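Chemist: First residue of the sequence shown: 57, per this note's numbering; consecutive thereafter. Where is the CB? At the ideal position from N, CA and C, for every residue including glycine. These numbers come from a predicted model, not from an experiment. Please read through the structure below; I'll follow up with questions.
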Amino acid sequence: MSIKFRILLTVVLLQVMGFAALLLNYNQRAHEGIVEFNRSQVMASLKATVSQMDALSSQMERTAAGLARGGEHFGEYHHEQQAQDIRNKLQRLLLRTFASFPDAVGGGVWYEPYSLSPDEEFIGAYVFRSDIGLSFTWDYEAGYASSWWYQLGIPDNWPRTEHRPDYFYWTAPYVNESGQWTMKVVSPMYDDDQKLLGVASVDWALPQVMGSLQNMKVTQDSKPILYSPRMNEYLGDSRLSMIDPFARLDSSMRVQQLPTDNGDYLYAARSRTGLILAVCIPQEELYDLVEGTLSKTMMVNTILVIAFVTIMLITLELLFRPLDRILTALRTSIRFDSGSGQITFSPLNTESRNEFTQIIDTFNRLGKQVVEFTGRLNRTNTELQKEKRRSEELNATLEQKVVERTAELAEKNREVTESLRILKLTQKQLVDMEKHAALGDIVAGLAHEINTPLGISVTAVSAMEEQLEELKTLFNQNRLSRDHFNEYVEYSSEGISIAAENLRRAADLITRFKQVAVDQASEQKRDFELCDYINSIITSLRPGYKYRPVEVELKCSQSVITTTYPGALAQVITNLLMNSLTHAFPAEQDDRNHPGHITIEVSEREDNAVIVFRDDGQGMKEEVCQRVFNPFFTTRPDHGGSGLGAFIIQDLIINQLKGSVSVTSAPGQGTEFTIILPLRISAAS
Numbered sequence: 057m058s059i060k061f062r063i064l065l066t067v068v069l070l071q072v073m074g075f076a077a078l079l080l081n082y083n084q085r086a087h088e089g090i091v092e093f094n095r096s097q098v099m100a101s102l103k104a105t106v107s108q109m110d111a112l113s114s115q116m117e118r119t120a121a122g123l124a125r126g127g128e129h130f131g132e133y134h135h136e137q138q139a140q141d142i143r144n145k146l147q148r149l150l151l152r153t154f155a156s157f158p159d160a161v162g163g164g165v166w167y168e169p170y171s172l173s174p175d176e177e178f179i180g181a182y183v184f185r186s187d188i189g190l191s192f193t194w195d196y197e198a199g200y201a202s203s204w205w206y207q208l209g210i211p212d213n214w215p216r217t218e219h220r221p222d223y224f225y226w227t228a229p230y231v232n233e234s235g236q237w238t239m240k241v242v243s244p245m246y247d248d249d250q251k252l253l254g255v256a257s258v259d260w261a262l263p264q265v266m267g268s269l270q271n272m273k274v275t276q277d278s279k280p281i282l283y284s285p286r287m288n289e290y291l292g293d294s295r296l297s298m299i300d301p302f303a304r305l306d307s308s309m310r311v312q313q314l315p316t317d318n319g320d321y322l323y324a325a326r327s328r329t330g331l332i333l334a335v336c337i338p339q340e341e342l343y344d345l346v347e348g349t350l351s352k353t354m355m356v357n358t359i360l361v362i363a364f365v366t367i368m369l370i371t372l373e374l375l376f377r378p379l380d381r382i383l384t385a386l387r388t389s390i391r392f393d394s395g396s397g398q399i400t401f402s403p404l405n406t407e408s409r410n411e412f413t414q415i416i417d418t419f420n421r422l423g424k425q426v427v428e429f430t431g432r433l434n435r436t437n438t439e440l441q442k443e444k445r446r447s448e449e450l451n452a453t454l455e456q457k458v459v460e461r462t463a464e465l466a467e468k469n470r471e472v473t474e475s476l477r478i479l480k481l482t483q484k485q486l487v488d489m490e491k492h493a494a495l496g497d498i499v500a501g502l503a504h505e506i507n508t509p510l511g512i513s514v515t516a517v518s519a520m521e522e523q524l525e526e527l528k529t530l531f532n533q534n535r536l537s538r539d540h541f542n543e544y545v546e547y548s549s550e551g552i553s554i555a556a557e558n559l560r561r562a563a564d565l566i567t568r569f570k571q572v573a574v575d576q577a578s579e580q581k582r583d584f585e586l587c588d589y590i591n592s593i594i595t596s597l598r599p600g601y602k603y604r605p606v607e608v609e610l611k612c613s614q615s616v617i618t619t620t621y622p623g624a625l626a627q628v629i630t631n632l633l634m635n636s637l638t639h640a641f642p643a644e645q646d647d648r649n650h651p652g653h654i655t656i657e658v659s660e661r662e663d664n665a666v667i668v669f670r671d672d673g674q675g676m677k678e679e680v681c682q683r684v685f686n687p688f689f690t691t692r693p694d695h696g697g698s699g700l701g702a703f704i705i706q707d708l709i710i711n712q713l714k715g716s717v718s719v720t721s722a723p724g725q726g727t728e729f730t731i732i733l734p735l736r737i738s739a740a741s
């Protein structure tokens with residue numbers, strides 16, 4: 057085995073071993089990253105489904121409360137009206153309520169025995185949804201008063217003069233007459249003397265929840281699960297073979313990953329109705345999905361390895377070529393003519409200075425001494441021709457090497473440029489995903505926040521409609537008195553005031569959110585008042601923290617008018633507030649007796665706007681504070697953090713808003729971000 061072959065073999069083996077180590081390390085990191093990405097996707101989808109279910113259950117409770125208030129109102133005037141009038145009003149109220157609420161499959165108003173009329177023991181009005189639409193029925197039988205769901209709202213042994221401890225009572229899931237899984241929410245009613253008058257109920261069919269779970273299937277064999285702890289029963293087709301798989305699920309509403317016997321991935325969350333929503337993904341199937349992705353990457357990497365090894369072999373061949381030429385020249389440099397006894401010597405040529413130069417020079421001197429007797433003239437002529445030949449060969453070889461090196465450099469530069477482009481594209485996609493996720497959280501919270509004033513307004517207007525109908529009836533019957541009219545005016549004024557106030561509240565929420573949402577979706581620059589705009593952002597984000605013990609205060613010593621990009625500023629304030637709510641005040645550590653404080657101070661300094669964002673949360677260690685703006689750095693990866701929040705803040709402030717940002721923090725002392733922005737961003741900037 058020649059030295060050349062051994063060197064080539066050693067270099068190739070070292071290259072292959074190095075690439076193998078890099079590929080193994082890459083595959084391990086990529087495997088963990090893909091699994092974590094899929095885990096984050098599943099947890100986010102499950103969280104959105106639970107939030108949607110909780111929002112719908114809240115709307116069910118508000119509807120039940122509205123029916124209860126309507127039933128109380130009709131019960132209040134049952135002495136002044138005919139029983140048939142009350143029935144007609146109840147029928148209109150129920151049909152109108154459920155016509156505007158398609159998610160409910162039925163509901164009714166049920167009065168205590170003999171509470172409205174001494175001649176009628178049971179009065180129960182019920183509306184249910186069928187294939188032909190809404191249907192109304194009366195229940196005069198004694199069955200509903202002794203039914204289990206009625207007993208849930210008003211037990212037999214409960215004193216009728218005492219209030220029930222809760223406003224709403226949810227039944228366990230049950231199968232209704234049409235074969236659907238259903239839950240019922242019951243709200244007690246009270247008369248003028250605060251005695252129990254009856255209950256109002258709303259029925260909720262669960263197949264739509266099961267349909268939402270079916271849309272969360274990540275893999276073919278993943279199992280969406282809907283489980284009722286109160287019944288200890290699975291709803292739907294999916295089952296788990298494990299014993300009590302949700303024993304470690306705490307009472308919070310957050311999504312959690314639970315341990316399983318066979319290593320499968322089980323994610324679960326508890327809704328406010330008590331139902332548990334979960335998704336179980338087989339470990340083998342998730343790993344097959346990951347391996348499929350890695351196999352494509354492995355194929356590309358293998359091609360790159362083969363190409364690199366080929367290039368190295370060609371390079372080594374080019375490096376060894378001068379040695380081959382020297383060996384060939386040594387074999388043919390001296391010729392002996394046995395007939396004439398003459399020795400012919402051809403000196404070796406050196407194209408460049410290298411390790412073989414001294415050997416070649418020594419060999420040439422020896423050859424010259426041997427053939428010097430051939431004559432100075434012939435030697436001089438031979439040397440001239442040799443030097444000419446060597447110059448031509450050197451020029452040709454030099455041009456060839458320049459072309460080869462230039463081509464190699466261009467190829468390497470192209471590969472580096474392409475890799476940098478792909479890296480920047482991936483980073484931009486991740487940043488855009490983080491921005492859209494924040495806007496999605498704002499939309500979900502705002503939708504939940506708007507439901508309350510709109511529901512109150514609808515209930516107030518409905519009650520005023522009933523009062524107007526009653527006034528018309530009295531007028532047509534010539535029974536309208538001044539007291540009735542004054543009572544209607546007072547009642548209507550109060551209802552209009554309630555509806556107007558809540559509609560103004562909803563309009564204000566929508567207006568502020570609309571401006572913030574439009575700004576975040578565009579890249580336009582405009583003039584605006586900084587304090588008012590930040591207040592709009594805080595208002596849009598308030599649904600995300602209004603039920604948490606955290607107070608947000610905006611301090612503005614003066615009006616600050618700025619010309620900049622409001623969308624980028626909205627993203628910065630949103631990320632700062634979300635980071636504080638997630639890291640400075642973790643939800644699992646909320647304490648109503650010691651609320652957290654977030655302060656945003658806005659001031660003007662020379663030609664700059666200064667924004668100081670400060671919280672009194674748990675703070676950060678020095679090493680964490682130094683890395684807070686690094687991309688993909690997060691201290692809470694188990695809570696779905698992407699590690700891009702602070703990075704996006706710094707990127708937007710420096711590159712788009714043309715400002716600067718700094719952070720100071722200490723454990724237990726809170727965190728302070730200081731942002732300095734120019735008041736005017738010129739077109740040149």
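Taking all protein chains shown into account, decide if THR227 is buried (16 or more other Cβ within 10 angstroms of its Cβ) or exposed.
Modeler: Label assigned to THR227: buried.
Chemist: Measure the C-alpha to C-alpha separation of ASN318 and SER268 and round it to an integer number of angstroms.
Modeler: 26 Å
Chemist: What residue does the beta strand (DSSP E) around PRO734 start on, and which one ends it?
Modeler: PRO734: member of the beta strand (DSSP E) spanning 727 to 734, first to last residue.
Chemist: On the DSSP bridge list, what partners appear for PRO244?
Modeler: VAL255
Chemist: Taking a contact to mean a Cβ-Cβ separation below 7 Å, would you say PHE192 touches GLY162 in this structure?
Modeler: no
Chemist: Could you pull out every residue in the same chain whose Cβ sits closer than 8 Å to the Cβ of ASP247, ignoring the five residues on either side in sequence?
Modeler: GLU128, GLY131, GLU132, SER171, LEU253
Chemist: In its own chain, which residues sit with a C-beta less than 7 Å from the C-beta of GLY675, not counting the 5 before and 5 after it?
Modeler: Answer for GLY675: SER721, ALA722, PRO723, GLY724, GLN725, GLY726, THR727, listed in chain order.
Chemist: Output the distance between the C-alpha atoms of ARG683 and ASN635, rounded to the nearest integer angstrom.
Modeler: 15 Å
Chemist: Should LYS424 go down as buried or exposed, given a rule of 16 or more other Cβ atoms within 10 Å for buried?
Modeler: With fewer than 16 other CB atoms across the displayed protein chains lying within 10 angstroms of its CB, LYS424 is exposed.
Chemist: Would you mind stating whether GLY673 and GLY652 have Cβ atoms separated by less than 7 Å?
Modeler: yes
Chemist: Rounded to whole angstroms, what's the CA-CA distance from ASP707 to ILE337? Just pull it up for me.
Modeler: 37 Å
Chemist: Is THR618 helix, strand or coil by DSSP?
Modeler: strand
Chemist: Counting C-beta neighbours from all protein chains within 10 Å, is the total for PHE541 16 or more, i.e. buried, or is it exposed?
Modeler: exposed
Chemist: Name the residue from PHE75, TYR230, ARG582 whose alpha carbon lies nearest to the alpha carbon of LEU262.
Modeler: Closest by alpha carbon: TYR230.
Chemist: For the stretch 145 to 154 against the stretch 359 to 369, are there 3 or more C-beta pairs whose distance is under 8 Å?
Modeler: no
Chemist: For LEU422, which of helix, strand or coil comes out of DSSP?
Modeler: helix
Chemist: Closest to THR329 by C-alpha separation, out of LYS457, ASN94, ARG286, would be which residue?
Modeler: ARG286
Chemist: If we require 3 or more residues per run, which beta strand (DSSP E) segments fall completely within the stretch 208 to 238?
Modeler: none
Chemist: Would you decide whether TRP237 is buried or exposed? Buried here means 16 or more other CB atoms lie within 10 Å of its CB.
Modeler: buried
Chemist: Using the Cα positions of GLN97 and GLU546, report the straight-line distance between them to the nearest angstrom.
Modeler: 54 Å
Chemist: Specify the secondary structure class of PRO280 as computed by DSSP and reduced to three states.
Modeler: strand
Chemist: In the structure shown, what three-state DSSP assignment does LYS611 receive?
Modeler: strand
Chemist: Please name the residue, chosen from ILE732, ARG85, ARG582, LEU69, that lies closest to THR353 on a Cα-to-Cα basis.
Modeler: For the residues ILE732, ARG85, ARG582, LEU69, the minimum Cα distance to THR353 belongs to ARG85.
Chemist: Can you give me the C-alpha to C-alpha distance between PRO158 and SER549, rounded to a whole angstrom?
Modeler: 31 Å
Chemist: Taking all protein chains shown into account, do 16 or more other C-beta atoms lie within 10 angstroms of the C-beta of ILE188, making it buried, or fewer, making it exposed?
Modeler: Exposed is the call here.
Chemist: Hey, quick one: how far does the beta strand (DSSP E) through VAL680 stretch, first residue to last?
Modeler: Note, VAL680: premise wrong, no beta strand (DSSP E); alpha helix (DSSP H) at 678 to 682.
Chemist: In the structure shown, what three-state DSSP assignment does LEU262 receive?
Modeler: Here LEU262 sits in coil by DSSP.
Chemist: In terms of DSSP beta bridges, what is ILE337 paired with?
Modeler: TYR321
Chemist: Excluding the 5 residues flanking LEU79 on each side, which residues of the same chain have their C-beta closer than 6 Å to its C-beta?
Modeler: ASN357
Chemist: Tell me, which residues are paired with GLN313 by DSSP?
Modeler: TYR323
Chemist: What is the C-beta distance between LEU637 and VAL606, in whole angstroms, given that I count them as a contact (C-beta under 8 Å)?
Modeler: Rounded, the Cβ-Cβ distance is 7 Å, consistent with contact.
Chemist: Using beta-carbon positions only, say whether ARG670 and THR655 come within less than 7 Å of one another.
Modeler: yes
Chemist: On the DSSP bridge assignment, give the partners of ALA160 in chain order.
Modeler: TRP260
Chemist: Sort SER613, ARG598, VAL608, ARG604 by Cα distance to LEU586 and report the nearest one.
Modeler: SER613
Chemist: Tell me whether the beta-carbon of ALA334 lies closer than 7 Å to the beta-carbon of VAL311.
Modeler: no
Chemist: So is GLY180 buried or exposed if we call it buried at 16+ other beta carbons inside 10 Å?
Modeler: buried
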